[in-house]
Structure formats: C-alpha cells, structure tokens
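Residue numbering for the sequence shown follows this note's numbering, beginning at 3 and increasing consecutively. We put the beta carbon where it would ideally sit given N, CA and C, even for glycine. Inspection log for the structure reproduced underneath, given as structure tokens.
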Amino acid sequence: MSNEIKEQIKNALILQKEIFGDVLFENTQSLTQILEELASNSLTQPPPQPIKQEVAPNIISTPNVVNEKPMKAKKKDTQWSGSKSIEELYNYIHNCENCALSKTRNKLVFGTGNPEAKLMIIGEGPGADEDEQGLPFVGRAGKLLTDILKAINFSREEVFIANIVKCRPPGNRVPASEEMEECIPYLHKQIELIKPKFILCLGSTSGQAILETKGTLGSMRQKTFEKFGATVLVTYHPAALLRNPNWKKDTWEDVKMLRTLYNQTFPGENK
Ligand code: SF4
C-alpha cells in the first residue's frame, strides 16, 4: 500500500473518530490502535492538518439572487405559491412578516445549497449564528453537520439545507405550532421546486413536522418514510449531539443507512 493511500485512510479514520468517537470498531481494534499502527508503519508523510470547516458557497444565498426590485411579501400574500424557481420564491418571501418571529429576527434564513439537490437536509429553525448571517447551520452545530455529511461523502454544495421555520425563535426555543403552520408551506414549496429524492430530518421537531406525526425521535429513526415523492429519514439534530455525544453512534448508523439507500437509488454515484 502506498504512503499516499495510507495517508488517505488515516485522514478518513481521524475524521470518523472526531465525529463519531471511537465506536466504529468496537468489536475489533479501537480506532486509536489502528491509527497508531498506521503511524508506526513507515508513514513518512507530514501529520494531517486539522480539519477546517468548509464554507458552502452561497448557491441560493440570501441577497445575491434578488431582483433589482424585489417582490415584497404582503401579509397572507400567496403569490409566492406560483413561484417557478427557488430564486423567485426567495424574492417573494424574504420580507415575510406572517408570524411573530419576524419581529425578533435579524435575518430570515431561507436555505442554501443546490437547487437541484437529490438530498435535502431539514433542521428545526435558525439559531443565533444563522440569524446573524442569514444562512442555515453555520455555527458549531453547522460544522458538525458539515463533517457528518463529509463522512458519508456528501458536500454541502450538493445538498440543499433548510429549516422548518425560517426565522429564529427567541432564545432558541422550539417553534410554536402556529409559527410552524405559518412557515412550513414555504418549505413545502421548496421541496416541490427542488424535487429531492431523499430528505434527512434533523431532530424530532423536523421529523414530526415533515411526517405530520407526534412520534418520538426513537420511533422515527432507522425507518424510511415516503413523502413528497422522496424517501424521508430522521436522525438527531447536530446541536443535540453537541450536548450529548453518546448519540453520535446512533447518528452514524442513521447516516450510513441514508448513504446505502442513496447508492442503491443512484448506483452511478456510488461513493
Ligand atoms: S418564520 Fe416563516 S412565516 Fe414566520 S415570519 Fe419568518 S418566514 Fe414568515
């Protein structure tokens, strides 16, 4: 095995360990042992650099795609529902004031990524960093999401990332049901326009809202659901993983399942 390949394997294992802990090889060697063996096996390459957070290009970032004269969403305006593209939808709704969250937000977080993505990632709602930047998943939880996607060979550029509500609930509280009811038609429209084949819901709020159920996260995980012409899977929200790293192992099982199903659906993209 060439040093270059050994180095690639080593970097992949380090990434796995950083995200999911030393649990992938629990019945054989620990990841630490494998890394030590690789290191002692005449590796001459320099040590890997710390993993940097990838900043996704703003394919559908907020202000760059607006028309010169943006269409302003009036209260209860439904013109947006006839949008023919993600950009047009953004232009209609980016000033939305349809629920109380508009009064406390800094920036509406529309969503970002590939408008033709085969995989959509859906979280609960923007946090403080997202509210500040107008982009989804850009804080610590966002870095973890980027690393999780990377571990199953997805880049942020190829997926589309959005939330159930587009404005930050104060204090990061769970969005109220009336806020979700008011906002989720926009997400449904995004799904209609993007036409993903897979949807990964992050956290119970996202899973319940997308699947229209009151089920617990445990009852939704490790299952597939068909909705909006897509296969829907549910796993932990990265913010929850930051609070409780013990859930990373289950998350790894969930995202591996997603990758396997994706590869079966798109064998030409098998990674
Ligand atoms: S959360 Fe949704 S419905 Fe409420 S103001 Fe923001 S975009 Fe409009």
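Within 8 Å: the Cβ of residue i and any heavy atom of ligand 1?
i: I201; result: no
i: S179; result: no
i: S104; result: yes
i: Y92; result: no
i: R107; result: yes
i: K168; result: yes
i: E126; result: no
i: E160; result: no
i: E99; result: yes
i: I95; result: yes
i: L110; result: yes
i: E6; result: no
i: E132; result: no
i: E271; result: no
i: E184; result: yes
i: Y188; result: yes
Which same chain residues, not among the five before or five after residue i, have their C-beta less than 6 Å away from its C-beta?
i: E181; result: C101, L103, V167
i: C203; result: I124, G209, I212, V236
Since I believe residue j is in contact with residue i (beta carbons under 8 Å), could you give me their beta-carbon distance rounded to a whole number of angstroms?
i: T106; j: P172; result: 5 Å
i: I163; j: P138; result: 5 Å
i: F262; j: K199; result: In the sequence as presented, Phe is not what sits at residue 262; that position holds Thr. About 14 Å separates the two Cβ atoms, so there is no contact after all.
i: I88; j: I196; result: 7 Å
i: G127; j: N165; result: 5 Å
i: V176; j: T207; result: 6 Å
i: Q81; j: Y94; result: 6 Å
Residues in its own chain within less than 7 Å of residue i by CB, not counting five upstream and five downstream?
i: E160; result: N116, A119
i: L243; result: L146, W249, K250, T253
i: W140; result: The amino acid at residue 140 is misidentified as Trp; the sequence shows Val. Excluding residues within five positions, the ones whose Cβ falls inside 7 Å are D131, E132.
i: N174; result: G129
i: N108; result: D133, E134
i: R142; result: L244
i: N29; result: Residue placement at N29 is flagged as unreliable, the pLDDT there being 42, under the threshold of 50; a coordinate-derived value is accordingly withheld.
i: E90; result: none
i: V67; result: Its pLDDT being 32, under 50, V67 is placed unreliably by the model, and the measurement read from it follows with that caveat. Closer than 7 Å at the Cβ level, and outside the excluded window around V67, lie E89, Y92.
Taking residue i as part of the alpha helix (DSSP H), name the residues at either end of that continuous run.
i: I123; result: From DSSP, I123 is part of no alpha helix (DSSP H) but of the beta strand (DSSP E) over 121-125.
i: A153; result: 142-153
i: A164; result: No alpha helix (DSSP H) contains A164, which is instead part of the beta strand (DSSP E) from 162-165.
i: Q81; result: Segment: none, Q81 is in no alpha helix (DSSP H) and carries neither H nor E.
i: A178; result: From DSSP, A178 is part of no alpha helix (DSSP H); its letter is neither H nor E.
i: A130; result: 130-135
What first and last residue would you give for the beta strand (DSSP E) that runs through residue i?
i: N93; result: Premise fails: N93 lies in the alpha helix (DSSP H), 88-95, not in any beta strand (DSSP E).
Return the chain-ordered list of same chain residues with a C-beta closer than 8 Å to the C-beta of residue i, the five sequence neighbours on each side being excluded.
i: K216; result: Q210
i: E271; result: Y264, N265
i: K191; result: W82, S83, S85, L91
i: G288; result: Look at the range of the chain in this structure, 3 to 273, and you will see that residue 288 is not part of it.
Output yes if chain D places a C-beta closer than 9 Å to the C-beta of residue i; else output no.
i: E184; result: The structure shown contains no chain D; it is built from a single protein chain.
Residue ranges of each alpha helix (DSSP H) within the region 188-254, 4 or longer: 206-213, 219-222, 240-245
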